[in-house]
Amino acid sequence: MAKISIRNIGKSFGATSVLKGVSLEIADGEFLTLLGPSGCGKSTLLRILAGLEVQSGGSLAIGDRVVDGIRPKRRDVAMVFQSYALYPHMTVQENMALPLRMRRLSAWQRLPLMGELLPGTTATTAEIERDVTRTAKSLSIGHLLARKPGQLSGGQRQRVAVGRAMVRQPAVFLMDEPLSNLDAKLRVQMRAEIKELHQRLGVTFVYVTHDQSEAMTMSDRVAVMLDGELLQVAPPQEIYADPDDLRVAEFIGSPKINILQATLRSDGLADASGTSFTVAAGLAPGSTLSLGIRPEAFHLVDASKDNVLTGSVRLVEHMGSDLYVHLDVPGADHPLVARLLAERAPQIVSGQTLHLGVKPERLLLFAADGRRLRPDGNTKANVLQIKERV
Amino acid sequence: MSTDRLTPPSHILRHAALLITGALILIPFVWMVSLSIKPPGEIFRASFSFWPEQFYGIENYTKALTEAPLPQYMLNGIFVCTMIVVLQIVVCAPAAYALAKLDFPGRNLLFGMVLIALILPHEVLSLPLFILGYQIGILNTYAALIFPYIVSPFGIFLLRQFFKTVPDDVIHAARLDGLSELGIVWKIMVPMALPAIIAFGIFSVVGHWNSLFWPLIAVRDQGLMPPPLGIMAFKNEEAGNDYGPLMAASTLVVAPLIIAFLSAQRWFVEGLTGGAVK
């Protein structure tokens, strides 16, 4: 029962504006990832959601309740921090019990010594202990309850931090780059565990990361943020295959998308990399546009013909199942990167001339301001006819 | 390893320097202990020996404990020092937390004032404090010995520096867990800063146990005097040239501090360096 409505949230520190009117609806039980490079304002947005920072403008609702100005404690959200933020002087048991003690026991009952004499304290404390033990077992950290955080490994600390957030059954989970302090292997494992946890608990997750593979593998929807603005909010496959903005296309995907600058001629052809493209983008002649080609959109062809770029191979990277071929194409600032299946690619060597074809429907068109061009909403309409001129 | 090892001559020089410095600090103390077990006749002899020819310790210590109300002075000292250190922490920890972790207008100005207070010697304030004490009528009470010290700029400064090393995320987590700001101070910050607090406690107790100047101004009643003031009174009234019992009394007065320091040494050193390595 906790959808989140973010309406026109702004945040500035002095003259610098970190969030510029962000609006976002998150459905109940959704796993939403805020993805962006560091400094894009995603963590600030998360902290505003948690109530740890106050927005400069806009309004925020969790469930059906507007939470502006409500203390973090009363928002029914739990957060897992990048640094885990465990209390080093408390045992795992005490760390996990603290949020429950603060909620279920009164201030008098929490007093040392005296509190235990008050009616109900013993029963509630036992109940808290049961809940902590159960949560710890479900995260397989039951045997660590008596230890202090300093005696735990990174992965164990991470679980304790998740446990501390989980134990009080919040309506919303906020996670601020929880995996970035783990080594690569553990990160992949925890990624799956967090995804599983989300499916098991069924509550709303808001997950902040700069790692696109985390965002792509875990999320129901990804919200790409840049410079304090939301560029696109969509399911992972859509973010990748159908980006709204050039910056989204460039941020998502590894290796990076290939961008070719093209100029539109009066006859509807666009010039790029010494090649003519026929575009149906509905732009005035003379305007410039960017052509985006994903590395795996290339395929090997035998000779120059339509839809084929020709260049000389600069570098070949063997990745096991794939080959990354860096290709120097006339007129392009950077070498293009093509991802080819290793078994289908013959022996490719540096310096060799290579013809790479692009299926027309896999070309992405962007206007000079970075906007995606989808003429008439028809995806087939932006297909380019490529005329070789080389 | 080999680069760290000193060549023999500089090795010797370094140790000699350390030994001389150590001796300069230790000799008066050793002399005090030595005098406290000597009979009056031996004290003014030209020759020096640590052990007396005739052991006179029992007489000196008995005299020190019985002729002046030394146990009373010590109890006063314990009470005053405990109250001061407890109240100092009660006042300084929240103040240090606010200066280290809360964002409010005028914070830097307030911290600047703490720094200014840090460079003012407490003696400068004696006259205003005396007049203030007179006006509110607490002169010649325990309160006069305790209240002027409970706001300690040094304590605020030391704890603020330590609290600043605690990551903000820990405080954010505590807020989400439901702790109030004061709850964060007492349940999270103070336990995490325990080495700093113990170091501060030792500084505070040593300073106020040995303090003579302000008690001399603030109290006249023998029943309220802390140990150093008591010893001074003892010297004037009873001892005259009788240095044996006086030295015995002095030894008894510093003994609790030495015992406390030796037992808390580990914490003390950790507290002073702890912030640096984090």
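Top line first, the protein sequences correspond to chains F and P. Residue numbers for the first sequence follow our numbering, beginning at 141 and rising by one. Residue numbers for the second sequence follow our numbering, beginning at 4 and rising by one. All C-beta atoms in this analysis are idealised placements derived from N, C-alpha and C, irrespective of residue type, glycine included. As the structure is a prediction and not an experimental result, all values here were calculated from the model.
**Q.** Extent of the continuous beta strand (DSSP E) run through F:Tyr347
**A.** 344-349
Q: Could you list which residues in chain P have their beta carbon closer than 7 Å to that of F:Met242, in chain order?
A: Asp180, Gly181, Leu182
Q. What's the C-alpha gap between P:Pro11 and P:Ala20?
A. 14 Å
Q | Cβ separation of P:Gly136 and P:Ala147, assumed to be a contact under 8 Å, to the nearest whole Å | A | 5 Å
Q: Please list the partners that F:Leu238 has in chain P, where partner means a Cβ-to-Cβ separation under 7 Å.
A: Asp180
Q) Since F:Leu159 sits in a beta bridge, which residues does DSSP pair it with? A) F:Lys151
(Q) Using C-beta distances below 8 Å, list every residue in its chain close to F:Leu370, excluding the 5 sequence neighbours before and after it, in chain order. (A) Val162, Ser163, Leu164, Ala363, Val364
Q. What does DSSP give as the partner residues of F:His574 in its beta bridges?
A. Past the edges of chain F, shown from 141 to 530, lies residue 574 of chain F, and the structure says nothing about it.
(Q) Please report the straight-line C-alpha distance between F:Lys160 and F:Arg361, rounded to a whole angstrom. (A) 21 Å
Q. So which residues of chain F does P:Met195 contact, with C-beta pairs closer than 7 Å?
A. Pro228, His229
(Q) Extract the residue ranges of the alpha helix (DSSP H) inside the stretch 213-263 of chain F, only unbroken runs of 4 or more that lie entirely within it. (A) 232-244, 254-257
**Q.** Cutoff 8 Å: F:Phe438 Cβ touching any chain P Cβ
**A.** no
Q.
At a CB distance below 9 Å, what residues from the stretch 317-335 of chain F approach chain P? Give them in sequence order.
A. none
Q | Rounded C-alpha distance that separates F:Thr261 from F:Ala247 | A | 11 Å
Q.
Within a Cβ cutoff of 7 Å, which residues of the same chain sit near F:Arg250, ignoring the five residues on either side of it in sequence?
A. Arg241
Q. In or out: P:Trp54 buried (at least 16 other Cβ within 10 Å) or exposed?
A. exposed
Q: Could you list which residues in chain F have their beta carbon closer than 9 Å to that of P:Pro170, in chain order?
A: Phe221, Ser223, Ala225
Q. Along chain P, which residues have their Cβ under 9 Å away from the Cβ of F:Ala190?
A. His175, Arg178, Leu179
(Q) Along the stretch 208-231 of chain P, where does the CB come closer than 9 Å to a CB of chain F? Name the residues. (A) none
Q: State the beta-bridge partners of F:Gln372 as determined by DSSP.
A: F:Val364
Q: Could you spell out where the beta strand (DSSP E) holding P:Phe237 opens and where it closes?
A: Element bounds for P:Phe237: not the beta strand (DSSP E) but the alpha helix (DSSP H), 230-237.
Q) Looking at the structure shown, is F:Tyr464 part of a helix, part of a strand, or coil, going by DSSP? A) strand
(Q) Beta carbons nearer than 8 Å to chain P: which residues of the stretch 259-278 of chain F have them? (A) none
Q.
Between the alpha carbons of F:Met230 and P:Phe203, how many angstroms are there, rounded?
A. 23 Å
Q.
I'd like to know whether the C-beta of P:Ile191 is nearer than 8 Å to at least one C-beta of chain F.
A. yes
Q) In three-state DSSP terms, what is F:Met459? A) coil
**Q.** Simplified DSSP assignment, three categories, for F:His439
**A.** strand
Q.
Closest to F:Thr415 by C-alpha separation, out of F:Val373, F:Ala381, F:Gln377, F:Leu496, would be which residue?
A. F:Leu496
Q | Spatially closest choice to F:Leu172 from F:Ile149, F:Gly368, F:Ser145, by CA coordinates | A | F:Ser145
Q: Identify the contact partners of F:Ala218 in chain P, using a Cβ-Cβ distance below 9 Å as the criterion.
A: Leu179, Asp180
Q: Can you grab the Cα-Cα spacing for the pair F:Ala276 / P:Leu90, in whole Å?
A: 40 Å
Q) What is the rounded straight-line gap between the Cα of P:Ser266 and the Cα of P:Ile46? A) 32 Å
Q) First and last residue of the beta strand (DSSP E) that includes F:Gln296? A) F:Gln296 -> not in any beta strand (DSSP E); alpha helix (DSSP H) instead, spanning 294-306.
Q. So, does the CB of F:Lys213 fall closer than 8 Å to a CB anywhere in chain P?
A. yes
Q. Where does the unbroken alpha helix (DSSP H) through P:Ile201 begin, and where does it stop?
A. 197-212
Q: Would you give the residue range spanned by the beta strand (DSSP E) that P:Asp172 belongs to?
A: That residue, P:Asp172, is in no beta strand (DSSP E); its alpha helix (DSSP H) goes 171-180.
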